[in-house]
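Under the numbering used here, the residue at position 261 of the sequence shown is numbered 919, and the numbers go up by one with no gaps.
No residue lacks a Cβ here, since even glycine has one placed at the ideal position from N, Cα and C.
In what follows, a structure is listed as structure tokens, so that the remarks can point back to it.
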Amino acid sequence: MLSDITEAQQWSQRLQRRVIRLLLQHDAALFRQQFRLFTAQSQLPQIPLLQYYDQAIKLQFLSNELLDDILPRIRRQLSLKTTHKRLLEEAPTRGEIDWPQTIQRSQQHTPGQLPLQLLTRVRQRDMETPENVLAVALTLQLRQELQQAMNTPFEDEELSRLERQFFSSADEHAQRELATTHARQLKAQASSASIPALVQQVTHTLRPGASPYRDLLHWWQRFSQFRVGRIDQDKVLALSSTRQGEKTDAWLYELWVELELIHLLHEESSITPNDVTINSDRLQCTFTWQNRRFRLLYNRQLDTSTGYQADWQHGPASRPDYTIEREKPLEIRHQQQLIWREPAVILDAKYYLNGSDPTLTHNPIKKMLGDMSLMGASTGALFFPTIAEPLAEQEQHTRIIQRSGQQYQQQPSSQSISLYRLYPDMPFASLQQRLRAILDMAAQALPERPQPICLGIRLNPHMQQTILCPKPHIGPNIFDLVQRQSDCLQSPRLCHVIGQNITPRSGKANTFL
């Protein structure tokens, strides 16, 4: 059956499970609130690795409902079976005396004498009901799967400390439930019972109305039929009802890259829980890399990245998939008007499975060059699942798109776009090595910048008003020719030190200040 599954189908299945696992691992509560679960359908054969994912996700998603909600309510409303047992007793009796039967027996055995032995009915209550046996049987089944999850390693990455802690805590909770009085009495019977037969029996005998046992049946139905999948026939769990096919996979690919970056930073102790913000349309975190602070943003819905203000009239909006910037990017403002802002590194993920390399990269490269021009950025990166691997073993990028420098340009351009191959079943160690290289590239493109100071130079002593104005806070080779009288300390666009306490010095032939 595995031979019938295409690589694209395997990647799609793996993307869904990996995304869910990362969301559950790093922000399970937010995942339940913002990523709506809905029924979708799938006819794809199951893959062993993906079955492990299904089991782990199912346990994390449904265990607490049984252990924290349903079983405590069952203990408070325990179903008891009432029976009446007939006894032959001497006074004083435990049960209620059945006088007609007692007199009849006395006349038969000791006629003419008062009865010394009395026939009684004793009311007894028994916990051995199908409902209670089912509750214990399902708790045993849950504990068995929890232990299996702890002892069965993933093929891509071992269980994290938080995942092991969850499974261990749930297993201890289930063990405590099985140690209660009624569970101990029913454990032997529940161990050998048939769960489908018990479910059928309880379904037929359960009284109408709200009941924790009815919730138990609904829980078991979801637990036993739980699957993560795609649209076709069987009801399963998925991430989005409005996206289908290639659009779904493209969205999951973007989300997967972001979550893997956050996962790497978490493993490197480069972020804390307070640094991470995850919601339905934006994922971002501030983090430490190379002993410096940066911000990573995944922006799915909004038109622009944080802090970006377009300087184009009637221009299109720009929305790269991701941006990386320094935590506190340098801004030049004059009376609240933005003059210049330190550009971010922009990143895009393209889940293109059709076409050949390099042809499939051409349109994304053109689009990114446009985004870089709109945003004033000089460094970008594109992620593809099917482009070639790097030629050099020590490199992580497939190639870099940049000018050759052989032709004259009116304005010097340092724009470059690095192409990286990231694919869903990439070996975990190789994936993390490549993500580290991407973060290193971004850190190199985002240097620490000096605060603006006046470095104006008079190029010619006979041209008193023409000043060469270096701007190292913007870049190493950025200069403006300005007019001392009309621009210096006058034009906010050209002079970035307006408001500073600057006193022109005289006596130097070539230096303005």
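Asked: Do you know how far the Cα of P1016 is from the Cα of Y1078?; Found: 12 Å
Asked: Rounding to the nearest angstrom, what Cα-Cα distance links L955 and I982 in this structure?; Found: 6 Å
Asked: Keeping to the same chain, check which residues put their C-beta closer than 8 Å to that of E816; ignore five residues upstream and five downstream.; Found: none
Asked: When you compare the CB positions of Q775 and E803, do they come within less than 7 Å of one another, or not?; Found: no
Asked: At 3 residues or longer, and completely inside the stretch 1042 to 1069: list those beta strand (DSSP E) runs for me, N to C.; Found: 1057 to 1060
Asked: Under the DSSP definition of a beta bridge, which residues are partnered with V1140?; Found: I1125
Asked: Please report the straight-line C-alpha distance between M1033 and D1138, rounded to a whole angstrom.; Found: 21 Å
Asked: Is any beta-carbon of chain C found at less than 7 Å from that of I755?; Found: Absent from the structure: chain C. Only one protein chain is present.
Asked: Please state whether DSSP places V1155 in a helix, a strand or coil.; Found: coil
Asked: Can you give me the Cβ contacts of R991 inside the same chain, cut-off strictly under 8 Å, excluding the 5 residues immediately before and after it?; Found: I997
Asked: Can you give the Cα-Cα distance for F952 and P974, rounded to whole angstroms?; Found: 27 Å
Asked: The alpha helix (DSSP H) that contains Q766, what's its start and end?; Found: 757 to 767
Asked: Measuring only the C-alpha atoms, how far is E904 from N932?; Found: 34 Å
Asked: Could you give the DSSP three-state label for T946: helix, strand or coil?; Found: strand
Asked: CA-CA distance, Q667 and L1011?; Found: 11 Å
Asked: Alpha carbon to alpha carbon, what distance is there between E926 and A828?; Found: 27 Å
Asked: Taking three-plus beta-carbon pairs below 8 Å as touching, is the stretch 820 to 835 in contact with the stretch 766 to 773?; Found: no
Asked: How many whole angstroms separate the CB atoms of V860 and E789, which I take to be in contact at a CB cut-off of 8 Å?; Found: 5 Å
Asked: How do the stretch 877 to 884 and the stretch 1050 to 1058 stand: do at least 3 beta-carbon pairs fall below 8 Å, yes or no?; Found: no
Asked: Pick out whichever of Q759, Q771, P1043 has its Cα sitting closest to the Cα of L777.; Found: Q759
Asked: Mark Q995 as exposed unless 16 or more other C-beta atoms lie within 10 angstroms of its C-beta, in which case mark it buried.; Found: exposed
Asked: Quick one: what does DSSP say I678 is sitting in, helix, strand or coil?; Found: helix
Asked: Rank I1125, L1097, H1154, S1036 by C-alpha distance to the C-alpha of Q948 and give the top, closest one.; Found: L1097
Asked: Give me the Cβ distance between L988 and H1154, rounded to the nearest whole Å; I'm assuming they're in contact under 8 Å.; Found: Incorrect: roughly 10 Å between the Cβ atoms, too far for contact.
Asked: Report the CB separation of Y1081 from P1043 in whole angstroms; it is logged as a contact under 8 Å.; Found: 4 Å
Asked: Whole angstroms is fine: what's the gap from Q1122's alpha carbon to Q1143's?; Found: 10 Å
Asked: For W757, count the other beta carbons within 10 Å of its own beta carbon; 16 or more makes it buried, fewer makes it exposed. Which is it?; Found: exposed
Asked: In or out: W970 buried (at least 16 other Cβ within 10 Å) or exposed?; Found: exposed
Asked: Is the distance from the Cβ of E918 to the Cβ of D979 below 7 Å?; Found: no
Asked: May I ask which residues mark the beginning and end of the alpha helix (DSSP H) holding I853?; Found: 853 to 863
Asked: Under three-state DSSP, which class holds Y1010?; Found: coil
Asked: Out of A807, P811, A832, point me to the one whose CA is closest to L796's CA.; Found: A832
Asked: Please go through the same chain and pick out, in chain order, the residues whose beta-carbon is closer than 7 Å to the beta-carbon of S976, but skip the five residues on each side of it.; Found: T962, D1029, L1032, M1033
Asked: By how many angstroms is the C-alpha of R940 removed from the C-alpha of A851?; Found: 48 Å
Asked: Using 8 Å as the cut-off, can you tell me whether the stretch 1057 to 1069 makes contact with the stretch 1099 to 1106, which would need three or more C-beta pairs spanning the two stretches below that distance?; Found: no
Asked: When DSSP labels each residue in this structure, what does R985 get in the three-state scheme?; Found: Here residue 985 is Glu; the residue named in the question, Arg, does not match the sequence. E985: coil per DSSP, three-state reduction.
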